[in-house]
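Here the sequence shown stands for residues 25 to 263, where the numbers follow the numbering used here.
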Amino acid sequence: MMAVEQPQSPSLLRRSTSIFRRRSKQESSPRTLEISNPYTNPPPRKLQRRPAKDLQIKHISTPTPPPHMTSLNPKEHPRALPHALTYKLPRPKTPTPPPDPPLRHAHHALPPSPHVRTVPWNVFLTPSQVYTLILGFRPLEMQDKWFVYAEGPDHSGKCKVHFHRSWTGLKMAELFMVVDLKGEGAGKIVGIKWDGSEETNGMMEEEVKYMVEMVFESEPEDDLRCFDSASAASSSGTV
């Protein structure tokens with residue numbers, strides 16, 4: 025019979041010897057010293073907990089003055105001189121009263137004068153007489169001495185009739201009349217106004233009324249007999 029050789033198991037001594045040998049080789053080989061370089065290999069930073077007082081917002085401190093202002097030597101700085109300024113405030117002026125507005129009047133109105141007089145005059149007018157007064161009279165020839173025109177009547181029936189001299193344009197009288205607009209057009213003279221100054225030779229009431237009567241008596245188609253009766257009534261004191 026042939027003998028079969030069985031593989032031998034490695035012994036523990038041999039294995040330990042091999043480990044020892046590897047360890048001895050490592051110790052016999054020269055070691056390289058590793059030098060830490062702070063520039064190439066910075067040391068690791070550790071996280072640190074900051075105190076709570078450092079996390080609070082600090083108040084802005086007053087800026088420190090420059091060195092040339094903090095010098096303690098008084099000779100280095102000139103001494104400040106106190107001075108005062110006087111201001112003269114303008115005094116409030118008393119407002120000047122506005123000037124009186126200029127007196128204005130229409131060209132047909134009598135100028136303001138102490139000699140201007142107004143009296144009532146109660147005379148009834150027929151529609152044809154009212155129409156004649158409103159129509160007026162325009163001078164065309166030299167012998168025509170009067171220029172008569174009316175102003176109105178307005179929505180209430182009031183009307184003014186103006187009497188001017190045709191040569192000089194001087195206003196002699198002004199009639200106040202009321203017209204019945206809702207009826208047949210009759211009317212009524214309620215007053216008369218005239219200038220009794222020296223320019224009109226100081227006319228009196230009877231003279232003014234007579235002058236108005238004569239103006240319309242020059243027209244043949246007009247019948248103004250009511251003026252005669254009104255003049256007679258005024259002279260007797262019944263007006």
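We treat Cβ as the ideally placed atom computed from N, Cα and C, and that holds for glycine.
Bear in mind the structure is a predicted one, so any value in this text is a computation, not a measurement.
Alpha carbon to alpha carbon, how far is residue i from residue j?
i, j, result
"Y173", "N146", "21 Å"
"P151", "W218", "25 Å"
"K206", "M228", "36 Å"
"W166", "V185", "Before going further, note that residue 166 is Met rather than Trp in the sequence given. If you take the alpha carbons of M166 and V185, they lie about 22 Å apart."
"G220", "R115", "53 Å"
"T118", "K112", "18 Å"
"T110", "P122", "35 Å"
"S180", "T120", "43 Å"
Rank the options by C-alpha distance to the C-alpha of residue i and give the top, closest one.
i, options, result
"G215", "L164, K117, K182 and E208", "K182"
"R141", "E230, M238 and P116", "E230"
"E175", "V236, V154, T110 and T120", "V154"
"E198", "S180, V236 and E208", "V236"
"H139", "M166, F240 and G226", "G226"
"V239", "P116, G160 and Q72", "G160"
When we look at the beta-carbon of residue i and count the other beta-carbons within 10 Å, is it buried (16 or more) or exposed?
i, result
"M196", "buried"
"V143", "exposed"
"F187", "buried"
"K233", "buried"
"Q72", "exposed"
"H129", "In this prediction, H129 scores a pLDDT of 46, lower than 50, which makes its location untrustworthy; the coordinate-derived value is nonetheless stated afterwards. Looking at its Cβ environment, which holds fewer than 16 other Cβ atoms inside 10 Å, H129 is exposed."
Quick one: what's got a C-beta closer than 6 Å to residue i's C-beta in the same chain, skipping five residues either side?
i, result
"P177", "C183 and V203"
"R69", "none"
"T192", "none"
Using C-beta distances below 7 Å, list every residue in its chain close to residue i, excluding the 5 sequence neighbours before and after it, in chain order.
i, result
"S190", "P163, D168, K169, W170 and F171"
"E208", "P151"
Look up residue i in the DSSP assignment and give the residues it is bridged to.
i, result
"P144", "G215"
"W170", "R189"
"M201", "C183 and I213"
"E175", "K184"
"L149", "G211"
"K195", "H188"
"F161", "V172"
Which same chain residues end up closer than 8 Å to residue i when comparing Cβ atoms and leaving out the 5 residues on each side of it in sequence?
i, result
"L194", "H188, E223 and T224"
"L149", "L157, M201, A210, G211, K212, I213 and C250"
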